[in-house]
Amino acid sequence: MTSSHLVLGAGGMLLVIGLVMVFSASAVSAAMDNEPAWAPGVRQLVFAAIGLVAMFAAIRLPISTIRRWCGRAMLASVFSLVLVLLIGVELNGAKQWFDLKVVLLQPSEIAKLVFALWGAHVLATRDRYLTTKSLLVPVLPVYGVCVALLMLEPDLGGSVSLGLVVAGLLWAGGLPLRYWVGLIAAGVGAVAYLATSASYRAERITSFLNPFADPTGDGYQAIKGLYALATGGFWGVGLGNSRMKWDLLPEAESDYIFAIIGEELGFLGCLVVISLYGVLAYTGFRIARRSTDRFVQVASVAITVWLIGQATMNMGYVVGLLPVTGVQLPLISAGGTSLVLTLFIVGLLTRFARSEPGAVEWARTAERSRLARLLLPVPAQAVDTRHVRRPAGSPARGSSRGPVREPVGARPAGPDRPGQRRAPRPRPAADPGALGVPAPRRPGPDRRAPLRGVDGTAPLRQRDGHPVSRTRAVPRERSAATAPSAATAPSADPRSSRRARVTPRDAGPARDRQAAGVRTDLDARPAPGSRPDARSRASTGRHVRTDRHGRPQP
1 MTSSHLVLGA GGMLLVIGLV MVFSASAVSA AMDNEPAWAP GVRQLVFAAI
51 GLVAMFAAIR LPISTIRRWC GRAMLASVFS LVLVLLIGVE LNGAKQWFDL
101 KVVLLQPSEI AKLVFALWGA HVLATRDRYL TTKSLLVPVL PVYGVCVALL
151 MLEPDLGGSV SLGLVVAGLL WAGGLPLRYW VGLIAAGVGA VAYLATSASY
201 RAERITSFLN PFADPTGDGY QAIKGLYALA TGGFWGVGLG NSRMKWDLLP
251 EAESDYIFAI IGEELGFLGC LVVISLYGVL AYTGFRIARR STDRFVQVAS
301 VAITVWLIGQ ATMNMGYVVG LLPVTGVQLP LISAGGTSLV LTLFIVGLLT
351 RFARSEPGAV EWARTAERSR LARLLLPVPA QAVDTRHVRR PAGSPARGSS
401 RGPVREPVGA RPAGPDRPGQ RRAPRPRPAA DPGALGVPAP RRPGPDRRAP
451 LRGVDGTAPL RQRDGHPVSR TRAVPRERSA ATAPSAATAP SADPRSSRRA
501 RVTPRDAGPA RDRQAAGVRT DLDARPAPGS RPDARSRAST GRHVRTDRHG
551 RPQP
């Protein structure tokens, strides 16, 4: 399966589980508020439909368009965080939403996604000359501004979630390990200070350490969540049969929906949800590993760390491992802005997965239905070449240096057109070395260059370590048509024979070449009891061994 199938499959299953559980967990509270029992579920279904439209729009969104607009979107996000402090709606003591009469819009959720894409664009642009300073300076100052605005709302959970995005960006950007110790220490210190700066946050820390110290106050929600998990057991009490949703567990459809899953579906249902998030995590890192676009690599890691980290935080404070931060469970908890943004993130991961070379090849060759081609179109190219580094001398497509022109006119002849065939391509000339014919000597100082090994990998060496001198070599066996005659036999010119002589220290490597089927001067040695003269040896086509004065040697 390709990465796009894994992302869409895991995200779709989590969405279905979330819609079913929101219908189940919110029906009782809606009836107590004199609303139709199905009203919260229908609202969640409408947000899911909007999110699906956003997801398929993200699948078709070009990467170049994302990179072109992420800077302006970052400025707009910072401005929206400032604006919500002025005209936002205050709910539960926090001014975090815009009242659009139809829906409440939370700008902090949009700011997280925009920050991830903007940071990936900055790091990918500076990848050629990226240093530790250039890695930290553009990311951390903007993060500090966003955290300051979020804490004025106040929104500690949003600040921690944005910190997960920063951690993913720095990790994918290649921050050295020695800097992580200082950053983690600074982050823990900042969270501890912010958690104890307000009285209600300090009470949450106290209830996290011992929720039974105040069972009817700050520890009430945590205790009821643990009771819901304990009631479910392994198999659960059945879908829709939860007792804690009867106004016993606050925020059962949003913050503590994982407790309702554990009560109705049991440990098995919780394990399925955790496994689906694990598939999303694996697929996100797989996309980053397989992609060749630096922006896709950094953005995939940052988005995956943020998505999985937020799910871990929610499930962590439900089971009592982390303090309550109010972070929702992605794709499952009730919420309009978070659901639409999370589905848009799933679409972005699918878009990044479509850029993998293997996915492109599969999409172009596999037989797919018309609906599949409509929903998952084949990208024009595997990598967005607008922001990919090119080697020197290779012009971009359509540039003035070397424009790539498409063929104009009639379609070239091919096997798909009856009665016409493509002209056969000319075969390359045979390599003389492959036939055993010596290559012509090149004039110059490399005349006596050492012989190369097999495929030119390394020079041949003698037993004492010296390289073997270059000698002429002819094939051991020749046909009658190519065998030299007496008229065309090489002469016994001392100058030509001096070039082809083999010294005693060349005997070892020469014997190896002889075993490989190449004739050397070892073949020119006379048989025992015979002493042919130089003329007879020259007429056989074999090399003649001479002394330093050019006289033939036996």
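Just so you know, we're using UniProt numbering here: the sequence shown kicks off at 1 and counts up by one. Where a beta carbon is used, it is the ideal one built from N, C-alpha and C, also for glycine. Just so you know, these numbers come straight off a predicted model, no measurement behind them.
Legend entry - Which listed residue (P330, V20 and P323) has its alpha carbon closest to that of Q221: If we check each option's Cα against that of Q221, P323 comes out closest.
Legend entry - Inter-residue Cα distance where the pair is K112 and I308: When rounded, the distance between both Cα atoms is 14 Å.
Inset, instruction - Quick one: grab the DSSP three-state call for L322. - result: The three-state secondary structure of L322, taken from DSSP, is coil.
Legend entry - Bridge partner(s) assigned by DSSP for D99: DSSP output for D99 lists L104 as bridge partner(s).
Legend entry - Candidates A186, I59, V122 and L271: closest to R69 by CA position: Checking the displayed sequence, the identity of residue 69 turns out to be Trp instead of Arg. Just measuring C-alpha positions, the residue of A186, I59, V122 and L271 sitting nearest W69 is V122.
Inset, instruction - With DSSP as the reference, please indicate the residues paired to P552 in a beta bridge. - result: According to DSSP, which records beta bridges pairwise, P552 is partnered with T546.
Legend entry - Element boundaries [beta strand (DSSP E), containing V139]: Taken as a continuous stretch (DSSP letters only), V139 belongs to no beta strand (DSSP E), as it is neither H nor E.
Inset, instruction - Write down the C-beta distance between G347 and M55 rounded to the nearest angstrom, noting that I regard them as a contact closer than 8 Å. - result: Cβ atoms of G347 and M55 come within 8 Å of each other, at about 4 Å.
Legend entry - Limits of the alpha helix (DSSP H) - the one that V237 falls within: No alpha helix (DSSP H) holds V237; DSSP gives it neither H nor E.
Legend entry - Residues bridged to A198 (per DSSP): Per DSSP, none; premise fails for A198.
Legend entry - With 16 other Cβ atoms within 10 Å as the buried cut-off, status of residue 631: With the chain covering only 1 through 554, there is no way to say anything about residue 631.
Legend entry - For A37, three-class secondary structure by DSSP: DSSP places A37 outside both helix and strand once states are collapsed to three, so it counts as coil.
Legend entry - Simplified DSSP state of L248, which is helix, strand or coil: Coil.
Inset, instruction - Using the Cα positions of A27 and A124, report the straight-line distance between them to the nearest angstrom. - result: When the Cα atoms are used, A27 and A124 turn out to be separated by approximately 47 Å.
Inset, instruction - Examine the Cβ distances between the stretch 334-344 and the stretch 42-62 and report whether three or more of them are shorter than 8 Å. - result: Touching, per the Cβ criterion.
Inset, instruction - Mind checking who E90 pairs with in its DSSP beta bridge? - result: As computed with DSSP, E90 is found in a beta bridge with K95.
Legend entry - Q328 (DSSP reduced to helix, strand or coil): In the structure shown, Q328 falls within a coil segment according to DSSP collapsed to helix, strand and coil.
Inset, instruction - From the DSSP output, in three-state form, read off L8 for me. - result: Reduced to three states, the DSSP call for L8 is helix.
Inset, instruction - With DSSP as the reference, label L14 as helix, strand or coil. - result: Here L14 sits in helix by DSSP.
Inset, instruction - Would you check if there are 3 or more beta carbon pairs closer than 8 Å linking the stretch 70-82 to the stretch 140-159? - result: As far as the Cβ criterion goes, the stretch 70-82 touches the stretch 140-159, which means the pair count is three or higher.
Legend entry - Neighbour-count burial assignment, P215, 16 or more Cβ in a 10 Å radius: With fewer than 16 other Cβ atoms from the protein chains shown falling within 10 Å of its own Cβ, P215 counts as exposed.
Legend entry - Unbroken alpha helix (DSSP H) run spanning G269, endpoints: It spans I257 to R290 - the alpha helix (DSSP H) in which G269 sits, taken as one unbroken run.
Inset, instruction - Could you name the residues of the same chain whose beta carbon sits closer than 8 Å to that of A195, not counting the 5 residues immediately before and after it, in chain order? - result: Excluding residues within five positions, the ones whose Cβ falls inside 8 Å are L156, R201, A202, R204, I205 and P323.
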